[in-house]
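There are 2 protein chains.
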Amino acid sequence: MSSYGQFCPVAKAMEVLDERWTLLVLRELLLGSTHFNELRRGVPKMSPALLSKRLKSLERYGLLTREGTQGQTMYQLTDAGRELAPVIDGLGAWGLRWIGDLGETDLDPHLLMWDIRRTVPIDRWPRRRTVVSFELQGFRSVGSHWWLVVADGEADLCDVDPGYEVTAVVTGSLRALTRLWRGDVSWPQAVRGGDVAISANSFVTRQIPVWLGQSRLASTPRVQVG
Amino acid sequence: MSSYGQFCPVAKAMEVLDERWTLLVLRELLLGSTHFNELRRGVPKMSPALLSKRLKSLERYGLLTREGTQGQTMYQLTDAGRELAPVIDGLGAWGLRWIGDLGETDLDPHLLMWDIRRTVPIDRWPRRRTVVSFELQGFRSVGSHWWLVVADGEADLCDVDPGYEVTAVVTGSLRALTRLWRGDVSWPQAVRGGDVAISANSFVTRQIPVWLGQSRLASTPRVQVG
DNA sequence: CTGTATCCATGGCGATACTG
DNA sequence: CAGTATCGCCATGGATACAG
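Protein chains in written order, with numbering that gives the first Met the number 0: chain B, 0 to 225; chain G, 0 to 225.
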């Protein structure tokens, strides 16, 4: 909105990008979200009014297009928007290396499970329907129990028991599972340290790290501590 | 300052970086500025109070250190700060490709000359003192006439005639010279099109594009138009 | 030269409710 | 499902003056 009064390309870029939430919306679009409420799930703490405003702004700047008229709008990145992928990946890698400490308010079970659901490498899972249950310890509120159902090449997420046979149960605190997902620790480290437990037969127990994996940025090398 | 409530590394990074001016201050530090008033010249439209606040914030987040106690403070990037270089370069490259239109308020003679001064490849200049004068056409205010003095391995910038013999005069509108500097057009294009003129003997005229060059990001490939 | 102190207006943004 | 409408706070940050 407000200009920096500089011809520098970094300044011109930041005029478009430095408002709160903007880059996170772009992250969601890059991860494949295309509809309003799908985007909302990726930025749940953002008000719908503000999301709407940002989407308009991004359209005006030519980073995305909106398609479909009544009640079925679809947002898609333009070439300009898609070319921000390396910048956002760079920011993620930097954040992972240098902003490692997570506060309590950074932890969010819904956000974690939602990210797992959309990232999980389905092609490495068994053909037949497979259900992994997650039990987040340390709080009794809703959102402590989840079921990840992979079937027919799709992953679904439930916060109520879908009733299918459970192939494995993954247990740990929200913090431990978040750190594992981000790649702050590896699967072997987390399991050996007792922070995360897998309950299943021995074959499945060995497969779980492969089935679930870690977030896309998890392989970023960390800063040596000590 | 205010949290996004997300564990995502991009969100954690933006908590540190998305405030207005922050990334431009980091750009200045990456380009080698170390003192308060040196930084100010790179972000002249930023109030000193706000710059001070940002520097404190960046120090708190561990992106820079301040050294020297009384009246001679020196700011230096930490490893964490320096590792933002690829992100900022990426933003610059993106801005150059996709935010090409410059408004009148984006043009600033002081900022342009200051950037030229610190970027110029001194080792390609003659050994003896060489002065290039710039005449920015199109407005009669102060800041339309500059002298770039390269001597003893240093480049100095004057907005009053230093009195030395002038080796070459470069003439053009502020917009034309800015576009040339950013690399939106090449030296041959700018000269052939008449937007920029060089007045000097034929040898020097051929050397000027080598001596002055273009900004660091100028080589970023542009979007094909038509 | 290197900042700090203070003031103030703006509007960004969060919250909530509501509509086609 | 896909947004809009409205409200109001308070923090951001711009301006100016001043201090060590």
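Even glycine gets a Cβ: it sits at the ideal position worked out from N, Cα and C.
Everything numeric in this text was worked out from a predicted model, so none of it was measured.
Proximity winner among the options, relative to residue i (alpha-carbon distances)
i: G:Gln-71; options: G:His-34, G:Asp-160, G:Val-119 and G:Trp-146; result: G:His-34
i: G:Glu-58; options: G:Asp-78, G:Gly-41 and G:Gly-4; result: G:Asp-78
i: B:Phe-202; options: B:Ala-167, B:Pro-220, B:Arg-191 and B:Leu-176; result: B:Ala-167
i: B:Trp-8; options: G:Lys-52, G:Val-141, G:Leu-135 and G:Leu-101; result: For the sequence presented, residue 8 of chain B should be read as Pro rather than Trp. Here the closest residue by C-alpha is G:Leu-101.
i: G:Arg-123; options: G:Asp-105, G:Leu-179, G:Gln-206 and G:Glu-134; result: G:Gln-206
i: G:Leu-147; options: G:Leu-173, G:Lys-11 and G:Arg-117; result: G:Arg-117
i: B:Asn-200; options: B:Leu-176, B:Pro-161 and B:Val-169; result: B:Val-169
i: B:Trp-145; options: B:Gln-136, B:Glu-153, B:Asp-151 and B:Tyr-60; result: B:Gln-136
i: G:Asp-194; options: G:Gln-223, G:Leu-54, G:Glu-153 and G:Glu-134; result: G:Glu-134
i: B:Thr-219; options: B:Gly-192, B:Asp-183 and B:Val-165; result: B:Asp-183
i: B:Glu-164; options: B:Thr-129, B:Tyr-74 and B:Lys-11; result: B:Thr-129
i: B:Ser-143; options: B:Arg-127, B:His-109 and B:Asp-17; result: B:His-109
i: G:Ile-121; options: G:Cys-157, G:Val-222, G:Glu-66 and G:Gly-152; result: G:Gly-152
i: B:Ser-1; options: G:Pro-47, G:Lys-55, G:Arg-65 and G:Glu-18; result: G:Glu-18
i: G:Val-159; options: G:Val-141, G:Leu-173 and G:Arg-174; result: G:Val-141
i: B:Leu-173; options: B:Arg-126, B:Lys-55, B:Glu-103 and B:Arg-127; result: B:Glu-103
Distance between beta carbons of residue j and residue i, contact taken as under 8 angstroms
i: B:Leu-22; j: B:Ile-98; result: So it is not a contact: roughly 14 angstroms between Cβ atoms.
i: G:Gln-5; j: B:Asp-155; result: About 23 angstroms separates the two Cβ atoms, so there is no contact after all.
i: B:Trp-93; j: G:Glu-82; result: 6 angstroms
i: B:Pro-161; j: B:Trp-186; result: 25 angstroms between Cβ atoms; not a contact.
i: B:Leu-211; j: B:Val-149; result: Incorrect: roughly 10 angstroms between the Cβ atoms, too far for contact.
i: B:Leu-29; j: B:Ala-84; result: 6 angstroms
i: G:Gln-75; j: G:Leu-63; result: 6 angstroms
Interface partners of residue i on chain B, CB under 8 angstroms
i: G:Trp-124; result: Residues of chain B passing the Cβ test: none, with the nearest at roughly 24 angstroms.
i: G:Val-177; result: The question names Val, yet the displayed sequence has Thr at residue 177 of chain G. Here the neighbours are Phe-6.
i: G:Asp-194; result: Correct list: empty, because the minimum Cβ distance to chain B is about 16 angstroms.
i: G:Gly-102; result: Ser-2
i: G:Leu-106; result: Phe-6
Residue i: contacting residues in chain B (beta-carbon distance under 7 angstroms)
i: G:Val-86; result: Val-86, Gly-89, Leu-90 and Trp-93
i: G:Val-15; result: Ile-98
i: G:Lys-52; result: By Cβ distance, chain B contributes nothing, its closest Cβ being about 16 angstroms from G:Lys-52, past 7 angstroms.
i: G:Arg-117; result: Ordered by position in chain B, no residue passes the 7 angstroms Cβ test against G:Arg-117, which lies about 13 angstroms from the chain.
i: G:Leu-216; result: Pro-8
i: G:Arg-19; result: Asp-17
i: G:Arg-59; result: Here the premise fails: no neighbours, minimum Cβ distance about 12 angstroms.
i: G:Ala-79; result: Trp-97
Same chain only: Cβ atoms within 6 angstroms of residue i, ignoring 5 sequence neighbours per side
i: B:Val-42; result: Leu-23
i: G:Met-286; result: What is shown of chain G runs 0 to 225, which leaves residue 286 of chain G out entirely.
i: B:Met-73; result: Thr-33, Glu-66 and Gly-67
i: G:Tyr-60; result: Val-15
i: B:Pro-238; result: Lying before the first or after the last residue shown, residue 238 of chain B is absent from chain B, which here runs from 0 to 225.
i: B:Met-112; result: Trp-145 and Leu-156
Neighbour list for residue i in chain G, Cβ cutoff strictly below 8 angstroms
i: B:Met-112; result: Near B:Met-112 there are no residues of chain G at all, since even the closest Cβ is about 12 angstroms away, more than 8 angstroms.
i: B:Phe-202; result: Those within 8 angstroms of B:Phe-202 in chain G number zero; the least Cβ separation is about 31 angstroms.
i: B:Val-9; result: Leu-22, Leu-23, Arg-26, Ile-87, Leu-90, Gly-91 and Gly-94
Interface partners of residue i on chain G, CB under 9 angstroms
i: B:Ser-32; result: Ordered by position in chain G, no residue passes the 9 angstroms Cβ test against B:Ser-32, which lies about 14 angstroms from the chain.
Neighbour list for residue i in chain B, Cβ cutoff strictly below 9 angstroms
i: G:Glu-27; result: Ordered by position in chain B, no residue passes the 9 angstroms Cβ test against G:Glu-27, which lies about 10 angstroms from the chain.
i: G:Arg-181; result: Phe-6, Cys-7 and Pro-8
Own chain partners of residue i with C-beta closer than 8 angstroms, once the 5 adjacent residues on each side are dropped
i: B:Arg-181; result: Leu-95, Gln-213, Ser-214, Leu-216 and Ala-217
i: G:Leu-50; result: Trp-20, Val-24, Phe-35, Leu-38, Arg-39 and Val-42
i: B:Asp-114; result: Trp-180 and Ser-214
i: G:Leu-90; result: Leu-22
Residue i - partner residues in DSSP beta bridges
i: G:Gly-171; result: G:Leu-135 and G:Val-195
i: G:Val-130; result: G:Val-148
i: G:Leu-22; result: According to DSSP, G:Leu-22 bridges with nothing at all.
i: G:Glu-66; result: G:Met-73
i: G:Glu-153; result: G:Ala-150
Within chain G, the residues that residue i reaches when beta carbons sit closer than 7 angstroms
i: B:Leu-83; result: Trp-93
Closer than 7 angstroms: residue i CB and nearest the ligand HEM heavy atom
i: G:Arg-59; result: With respect to the ligand HEM, the structure shown offers nothing to examine, as it has no ligands at all.
Proximal residues to residue i (C-beta, below 7 angstroms), its chain only, five neighbours per side dropped
i: B:Ile-197; result: Ala-167, Val-169, Val-190, Thr-204 and Ile-207
i: G:Ser-32; result: Leu-38 and Gly-41
i: G:Arg-53; result: Trp-20, Thr-21 and Val-24
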